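**Student:** What follows is a structure written as structure tokens; I'll ask about it next.
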Amino acid sequence: MKPPVRIAVTGAAGQIGYSLLFRIAAGEMLGRDQPIILQLLDIPQSLPSLKGVLMELEDCAFPLLTGVTTTDDPRSAFRDAGIAMLVGARPRSKGMERRDLLEANGVIFSTQGRALDEAACRDVKVLVVGNPANTNAYIAMKNAPGLNPGNFSAMMRLDHNRALSQVAAKIGRPVSSIRKMIVWGNHSPTQYPDLNHAEADDGKVRDLVNDPEWVENYFIPHMQNRGTEVIAARGLSSAASAANAAIGHVRDWVFGTREDDWVSMGIPSDGSYGIPEGVMYGFPVTCSGSAYQLVPALEISEFDRTKMDITYRELMEERESVKHLLLN
Ligand code: NAX
1 MKPPVRIAVT
11 GAAGQIGYSL
21 LFRIAAGEML
31 GRDQPIILQL
41 LDIPQSLPSL
51 KGVLMELEDC
61 AFPLLTGVTT
71 TDDPRSAFRD
81 AGIAMLVGAR
91 PRSKGMERRD
101 LLEANGVIFS
111 TQGRALDEAA
121 CRDVKVLVVG
131 NPANTNAYIA
141 MKNAPGLNPG
151 NFSAMMRLDH
161 NRALSQVAAK
171 IGRPVSSIRK
181 MIVWGNHSPT
191 QYPDLNHAEA
201 DDGKVRDLVN
211 DPEWVENYFI
221 PHMQNRGTEV
231 IAARGLSSAA
241 SAANAAIGHV
251 RDWVFGTRED
261 DWVSMGIPSD
271 GSYGIPEGVM
281 YGFPVTCSGS
291 AYQLVPALEI
301 SEFDRTKMDI
311 TYRELMEERE
321 SVKHLLLN
């Protein structure tokens, strides 16, 4: 039997947590031969409902789940964690300005970054889901100087999966036949879903779509606003699809992306594709050897450039408003 991996999940009492924890415990993320220990974090007010989630986890008698802890202390939750899924965040309340939301989350993620630095495994993989996910991930990374920046990422995978599904439906091919989708930039309405490099089994997606008007006036704006559409329909934000994306993100990071394909992840910018260092930006990446690598040297058109710069500027603005919370 392998030794268990400790997986920290924050915001564990929330709706994404409820869709996520049972699938992780069933072995869908790290495999059906990998024992795990769940270390669940939430705020004091949510601990009573987290207790209910704990009871349900117990009631499933998952063979791979060798332990579960619940706490409101980030250091305890992150102690020796090999994977940290930071889902919990402060939601926007009525009348709250965007700047106040960034500030409130900045405080949460700087605290959690320091706690990760202090308590987690040195090779911990950190995925930030809680919004604004990219900037929260950047803040956590900047507050964890003892951890490699390559340990940090923000979730773009839901956007990536949404784009795969829309394109597959448009060209009448199975989702599994579509490869090399990209969602550049921020997980926000400025994101740039880019199908120019995507391929289906029988050709370039762009040629199979053969409808620039659809791409510009339907595909891109619908992807940018899909989250809002889900809220309008369900009365609640995406949860099961977000949990599914988080599982896919970590699984690929640990086990590698499929042959001749890539995924979109929010990772620290390094100047590639004209995106200067200093933000957590959605890029195409391949994963192997338990690490992500940016896909280099893709051709970028004028149209791409404009869209990529818009979303970069938004990330810069977000960073500006939380720069006092960055440790290094
Ligand atoms: P919920 O409001 O259902 O749950 C959030 C949970 O986080 C609650 O239990 C709350 O008590 C907890 N929490 C708040 N502050 C915390 C802190 N400082 N430490 C630990 N826990 C804390 O939200 P849910 O629907 O689960 O969504 C969670 C986050 O994911 C939100 O920020 C949401 O905007 C974000 N999303 C991100 C997505 C992405 O693609 N990156 C997509 C889905 C989702 O919208």
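Residues 1 to 328 in this note's numbering are what the sequence shown spells out, letter by letter. Ideal Cβ placement from N, Cα and C applies to all residues, glycine included. On a predicted model such as this, the values are computed, not experimentally measured, just so you know.
1. Determine the contact status of ALA154 and ALA168, defining contact as a CB-CB distance below 8 Å.
2. Assuming contact is defined by CB atoms lying nearer than 8 Å, are GLY266 and TYR281 in contact in what I supplied?
3. Taking the beta strand (DSSP E) that ASP194 belongs to, which residues open and close that run?
4. Excluding the 5 residues preceding and the 5 following ILE171 in the sequence, name in chain order all residues of the same chain whose CB lies nearer than 7 Å to its CB.
5. Does the region 50-62 come within contact of the region 86-101, defined as at least 3 CB pairs closer than 8 Å?
6. Could you tell me the alpha carbon to alpha carbon distance between LEU116 and PRO174, rounded to whole angstroms?
7. When the Cβ atoms of the region 9-16 are set against those of the region 38-45, are three or more pairs found closer than 8 Å?
8. Between PRO193, MET85, GLU320 and ARG157, which has its C-alpha nearest TYR278's C-alpha?
9. Alpha carbon to alpha carbon, how far is VAL230 from ALA198? Give it in angstroms, no decimals.
10. From LEU127 to ASN134, what distance separates their C-alpha atoms?
11. Give every residue of the same chain whose Cβ lies closer than 6 Å to the Cβ of ASP252, excluding the five residues on either side of it in the sequence, and list them in chain order.
12. To the nearest angstrom, how far is the alpha carbon of ALA140 from that of ALA81?
13. Would you mind stating whether PRO189 and GLN166 have Cβ atoms separated by less than 8 Å?
14. Rank ASP309, ASP73 and ALA120 by C-alpha distance to the C-alpha of ILE108 and give the top, closest one.
15. Could you have a look at PRO48 and say whether DSSP puts it in helix, strand or coil?
16. Which residues bound the beta strand (DSSP E) around TRP262?
17. I believe PRO145 touches ASN105 by the beta-carbon criterion, under 8 Å. Please report the beta-carbon distance rounded to the nearest angstrom.
18. With DSSP as the reference, identify every bridge partner of ALA81, one or two as the case may be.
19. Based on DSSP bridge pairs, tell me the residues matched to GLN293.
20. If you draw a straight line from the C-alpha of LYS323 to the C-alpha of GLU314, how long is it?
21. Check whether the Cβ of MET155 lies closer than 7 Å to any heavy atom of the ligand NAX, and answer yes or no.
22. Could you tell me if the beta carbon of ALA239 falls within a distance shorter than 7 Å of some heavy atom in the ligand NAX?
23. Pop quiz: MET181 and LEU158 are said to be a contact at Cβ under 8 Å. What is the actual Cβ separation, rounded to whole angstroms?
24. Between which two residues does the alpha helix (DSSP H) harbouring ILE108 extend?
25. Using the Cβ count rule (16 or more neighbours within 10 Å means buried), how would you classify GLU318?
26. Leaving out five residues before and five after LEU326 in sequence, what residues of the same chain have Cβ atoms less than 6 Å from its Cβ?
27. According to DSSP, SER237 sits in a beta bridge with which residue or residues?
28. So, for ALA242: in the same chain, excluding its five sequence neighbours on each side, which residues have a beta-carbon less than 7 Å away from its beta-carbon?
**Tutor:** Based on what the coordinates show:
1. no
2. yes
3. 192-194
4. Exclusion of the five residues before and after ILE171 leaves ALA200, VAL205, LEU208 and VAL209 as the residues of its chain whose Cβ lies within less than 7 Å of its Cβ.
5. no
6. 40 Å
7. yes
8. One point to set straight first is that residue 278 is Gly, not Tyr, in the sequence displayed. Proximity to GLY278 across PRO193, MET85, GLU320 and ARG157 peaks at GLU320, based on C-alpha coordinates.
9. Their backbone Cα atoms lie some 25 Å apart in a straight line.
10. Straight-line measurement puts the Cα of ASN134 at about 10 Å from the Cα of LEU127.
11. VAL263 and CYS287
12. 15 Å
13. Not in contact: PRO189 and GLN166 (Cβ atoms no closer than 8 Å).
14. ASP73
15. helix
16. Unbroken run through TRP262: none, as it is neither H nor E.
17. Going by Cβ atoms, the distance from PRO145 to ASN105 rounds to 20 Å, so no, they are not a contact pair.
18. BP columns for ALA81 are empty, so no partner.
19. THR286
20. Their Cα atoms are separated by approximately 14 Å.
21. yes
22. yes
23. With 8 Å as the limit, MET181 and LEU158 do not qualify as a contact, their Cβ atoms being about 12 Å apart.
24. Residue range 98-119 is occupied by the alpha helix (DSSP H) that includes ILE108.
25. buried
26. LYS142
27. Answer is none; SER237 lacks a bridge partner.
28. Closer than 7 Å at Cβ, skipping near neighbours: ILE16, VAL129 and LEU158.
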